[in-house]
Structures are given as structure tokens and as C-alpha cells.
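One structure is given below, encoded as C-alpha cells.
2 protein chains.
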Amino acid sequence: MVVGERIEDYLGAIYRLRKTADSPLPLAVLGEHFGFSPVSIHEMIQKLSQQGWLHYHPYRGVTLTEQGEAVALALLRRHRLWERFLTDMLHIPWAEAHDIAGALEHAAPEAVTERLADLLGDPASCPHGAPIPPLTKPYVDQCLTRVPVGAQGRVTRITPESADLLRAVQAWGLLPGSRVSVIERRQDAVIVQIEDKQVCVPRENADAIWIEMF
Amino acid sequence: MVVGERIEDYLGAIYRLRKTADSPLPLAVLGEHFGFSPVSIHEMIQKLSQQGWLHYHPYRGVTLTEQGEAVALALLRRHRLWERFLTDMLHIPWAEAHDIAGALEHAAPEAVTERLADLLGDPASCPHGAPIPPLTKPYVDQCLTRVPVGAQGRVTRITPESADLLRAVQAWGLLPGSRVSVIERRQDAVIVQIEDKQVCVPRENADAIWIEMF
DNA sequence: TCAAATTATAAGGTATGCCTTATAATTTTT
DNA sequence: AAAAATTATAAGGCATACCTTATAATTTGA
Chain Y
19 MVVGERIEDY LGAIYRLRKT ADSPLPLAVL GEHFGFSPVS IHEMIQKLSQ QGWLHYHPYR
79 GVTLTEQGEA VALALLRRHR LWERFLTDML HIPWAEAHDI AGALEHAAPE AVTERLADLL
139 GDPASCPHGA PIPPLTKPYV DQCLTRVPVG AQGRVTRITP ESADLLRAVQ AWGLLPGSRV
199 SVIERRQDAV IVQIEDKQVC VPRENADAIW IEMF
Chain E
19 MVVGERIEDY LGAIYRLRKT ADSPLPLAVL GEHFGFSPVS IHEMIQKLSQ QGWLHYHPYR
79 GVTLTEQGEA VALALLRRHR LWERFLTDML HIPWAEAHDI AGALEHAAPE AVTERLADLL
139 GDPASCPHGA PIPPLTKPYV DQCLTRVPVG AQGRVTRITP ESADLLRAVQ AWGLLPGSRV
199 SVIERRQDAV IVQIEDKQVC VPRENADAIW IEMF
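Just so you know, the protein sequences line up as chains Y and E, in that order. Letter by letter, the first sequence follows residues 19 to 232 in this note's numbering. Letter by letter, the second sequence follows residues 19 to 232 in this note's numbering.
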């Protein structure tokens, strides 16, 4: 199921506005929040309910499904990481940062915000103290040295880039997009299967080759 | 006239794809670029032409108006600043950075990308060497010490924030959103008119109060 | 308990920006 | 100059996500 921007916004708002995880959030509160008509909110909620993002309890409100909550948490994490970046590195006041983060959170993929988390030193809270939820799913884009033996994946990037490394990567057939599986992890190297051959990648190179597991 | 995302994308693509400023870019090239049908391209071009972003020469192609070119240049600048940030600070390979920048360039206002330019040390080119166009219009968001005498504007932000400054700003009535005009610039302070009273803002405070001129 | 207030739902509309099919106009090629 | 290819334009459609108006169902409170 594809998660559109609007869907994420709704799920995020429900997560933020609800009192507890179990108490249904009245649609009127959502309408108030977005400034949309009750009818529009109702329409959207019907759709989200059908798609399995939330439970709709007529005349009571909505609660998030496990799926919906996961989306909300991931969104919140991205949002607060952007907020931290905007305030800490670009010195933008929080009130503005909040709104801008609301747009950026949809524009950049998780891979980018995780890089942002690295850059910011894995902050635990947003500028006004609210906690930043941790990553829940095993992160899909990790360097080759951290991919478990047996795992299959796809090369996503070579980072940091260097001309030498790029040449080597090309020779190995490990260019972004290629499917690989990890055969063995040694102290000094990682052995991967690519197509029908095996390649021994030295550790310092493996650190720069990023894999999306599947 | 409001510049939607799609409009910016079209103007940016025309700027990038054209051979020279005068030679019309055939619609077929645009269709190829976006992967849209000729009819859709034609529809959109009609609209952009009516709105004054470009000149449409039937059977020949399109050229940008001054207005359209300004939008394209501003977009290009934002794009390349994001690219630099993504590659230099987040170590994302260029191929990916390009696509991500294509989304970020629409999500953040110019004020943010100008902050980014500061952070990056005003880079002159994007990661693969293409020049980053300079800001053309006098930048709308500048600190109070740089606003010329006589200029009118609106307070956009207090940056960097400090509890003391925020209290002072509140007392002066200089909160974000307030309309001000600059009466006098002295070495040690700036005198501004706010509503019907005048306020003397010490230089170190004026450096942290940002104004959008109009 | 019964009226008032809230909430649900149906029906029809708007804007954006894409689509296809079909026909007309113009340019290019032979 | 005529045929072929390209380009223009009309007409009708789709999805998303909002809108209003109007009616029905349910809950709340006096």
C-alpha cells in the first residue's frame, strides 16, 4: 500500500493529537486541526480505514492500527530530525522550523534523514524537548560490513565516493542496483555473491558500499 | 501569480534543456524529458504561456519570459545548493542527490536555502561542476543591521534565539509578523518605527532580528 | 424522555495535471 | 507538389483531495 503525503499527515496528526493509544480521537479534533470541513475529514477517514491505517469507531473517533502507528512514528522521527537540523545548523527559529520540517519530511526519503541523524549526532529530542522516536525497522540502507551473513540485498550507493573505489566497485560488478548476498564476514573483508561469482571486498571498501536488504 | 511546483519544474526544465536563450525549445523535447504525452505538454504550455512565464511559438517551441527565467534561475540555485548539501554534508552520491534535491527544492522556502548557502560557504558550483546561479533579487530576509534606512518590512524571525532577546523583542513589539520601517542606522544601534512608536535596537540585537523587505 | 447538538452519509462540484482518441493544421521530406 | 511526418487542438476521462448543501442517524443534556 502506497503512503501518500496526505495519508502520512493524517496519521501523524492522529498520533500527535490523541490522548492515549487506545482512546479514539474524535474526527472533530482532526477537522479543527487541519481546518477542513467535517465531511472532508470523514471521507478521508473512511479511506484510511479501508486501507488499514486506522480503526474507525463511528460517533467515537479513530485509533491507529499497528501499521498506521508505524507510519506516524517514522514520520515523526523524520520531522524532528529536520527540525533539529533547521534550528541547530541553519539557526532558524523553532516556530518556523516546525512548518518547514512539515514540508521537508515528505520530500526526502528515510535514507536522507538517517544521514541527517548521523550528522546531528543522533539527537534524542527535537528543539523543544519532544523525544525523537528511534528507528524501529532494521534500517534498509546499511554499509556492507553490517549486513548479516545470508542476507540478500541491492547496492544503493557508494559512500563516500572515491575514484579508486568506484573503479574497484565497477570491476567487482557492485555498482548501485546490483543484487548481492553476503556469504561470509571476516575481520579484514566481506565475501559477497554477485551474479554467479564471489567477490572478496576489503573491509575499508565494504564500509563505503551501502546495501538495501530485502 | 502563484508558482506551483509543476510550473517551476517546467520552467526549470526549459532552462536546462534549451540550447540558447533565444532558440525555442520544441515541445517534443519537453515531452521526452518528462515522459508525458504531447497533448499534456501542450496543455501545460498553453497555461504557462497565458500566465506569462513563457512565449509559445506554435510549431517551433517555447522561450522563457524574463519572469519565467527568474523563476528557473531561483529554482536552479535552490536545486544545486541542496545537491551540495546532500553530497558534501550527508555523503550521498551525486546520482541520488540529484533526484532528492529535485524534491527538496520545492519543499523549503528560499530563506532556508540561503541559510544552507551560508552553511556551505556560498559554493559557486554544484557537485558535478555546474555553476550555481547567484541570488538576483535583493534578498528578502536580512538582518536588521543591513536593512537600508527608509525601507519597510516585516519581522520574519529572531535568529539566533535567546531567552533574553526574545523578552526584549516582545517588549519592543518586534515579534515575527510585525511591520517595521527603519528610521536611522547608527554604529551602535538601529532605530526603527513600529506601529506609532520608535524603538532603539542595540546593534548586537539588531543582528538577530530578521526582516523581509517590501 | 425528548429536543438539541453532534456526527454520518449521500450527491454533486472544484482545481490540478495527467491520460487517450480523433481530427485539423502545418512542416518536412520525397 | 503531394505524401508523410510532425504538431496543434478539441473532447472526454481519471485520481486526489478538498468544497457545499441536504438529509439521516446517533448521542447528549435539560
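All C-beta atoms, glycine included, are put in the ideal place defined by N, C-alpha and C. Every value quoted in this text rests on a predicted model; they were computed, and no experiment measured them.
May I ask you to report which of helix, strand or coil DSSP gives Glu179 (chain E)?
coil
Just curious, the alpha helix (DSSP H) that Glu128 (chain Y) is in, first and last residue?
Glu128 to Leu137
Do you know how far the Cα of Val20 (chain Y) is from the Cα of Leu48 (chain Y)?
22 Å
Closest by C-alpha distance to Val89 (chain Y), when choosing among Y:Ala169, Y:Leu192, Y:Ala113 and Y:Leu66:
Y:Leu66
How would you list, in chain order, the residues of chain Y whose beta-carbon sits under 8 Å from the beta-carbon of Arg24 (chain E)?
Those within 8 Å of Arg24 (chain E) in chain Y number zero; the least Cβ separation is about 15 Å.
Listed from N- to C-terminal order along the chain, which residues in the region 100-124 of chain Y have their beta-carbon within a distance smaller than 8 Å of any beta-carbon of chain E?
Leu104, Met107, Leu108, His109, Ile110, Pro111, Trp112, Ala113, Glu114, Ile118, Ala121, Leu122 and His124
Using Cβ-Cβ distances below 8 Å, what residues of the region 175-201 of chain E are close to chain Y?
Arg175, Ile176, Thr177, Pro178, Glu179 and Pro194
Using three-state DSSP, classify Ile59 (chain E) as helix, strand or coil.
In the three-state reduction of the DSSP assignment, Ile59 (chain E) falls in the helix class.
By DSSP, does His51 (chain Y) sit in helix, in strand, or in coil?
helix
Which residues bound the alpha helix (DSSP H) around Arg102 (chain E)?
Glu84 to Arg102
Neighbourhood of Gly12 (chain E) by C-beta distance below 7 Å, restricted to the same chain and skipping five residues each side:
For chain E, the structure presents residues 19 to 232; residue 12 (chain E) sits outside this window and is missing.
Does any residue of chain E bring its CB to less than 9 Å from the CB of Arg34 (chain Y)?
no
When the Cα atoms are used, what is the spatial distance from Gln64 (chain Y) to Arg78 (chain Y)?
14 Å
Per-residue DSSP class, three states only, for Tyr74 (chain E)
DSSP places Tyr74 (chain E) within a strand segment (E or B) once states are collapsed to three.
In terms of alpha-carbon separation, which member of Y:Gln68, Y:Ala115, Y:Ile229 and Y:Leu35 lies closest to Phe52 (chain Y)?
Closest option to Phe52 (chain Y), judged by alpha-carbon separation, among Y:Gln68, Y:Ala115, Y:Ile229 and Y:Leu35: Y:Leu35.
Exposure label - Gly86 (chain Y); buried when at least 16 CB within 10 Å
buried
Return the residue from the list E:Met231, E:Gly22 and E:Ile32 that minimises the CA-CA distance to Arg170 (chain E).
Residue identity check: residue 170 (chain E) is Gln in the sequence provided, not Arg. Comparing Cα positions, the closest option is E:Met231.
Measure the CB-CB distance between Val219 (chain Y) and Val165 (chain Y) and report whether it falls below 9 Å.
Their beta carbons are not under 9 Å apart, which means Val219 (chain Y) does not touch Val165 (chain Y) by this criterion.
What three-state label does DSSP hand Gln170 (chain E) in the structure shown?
strand
Any C-beta of chain Y sitting closer than 9 Å to the C-beta of Val20 (chain E)?
no
One question on the structure: do Leu82 (chain E) and Ile150 (chain E) come within less than 9 Å of each other, judged by their Cβ atoms?
no
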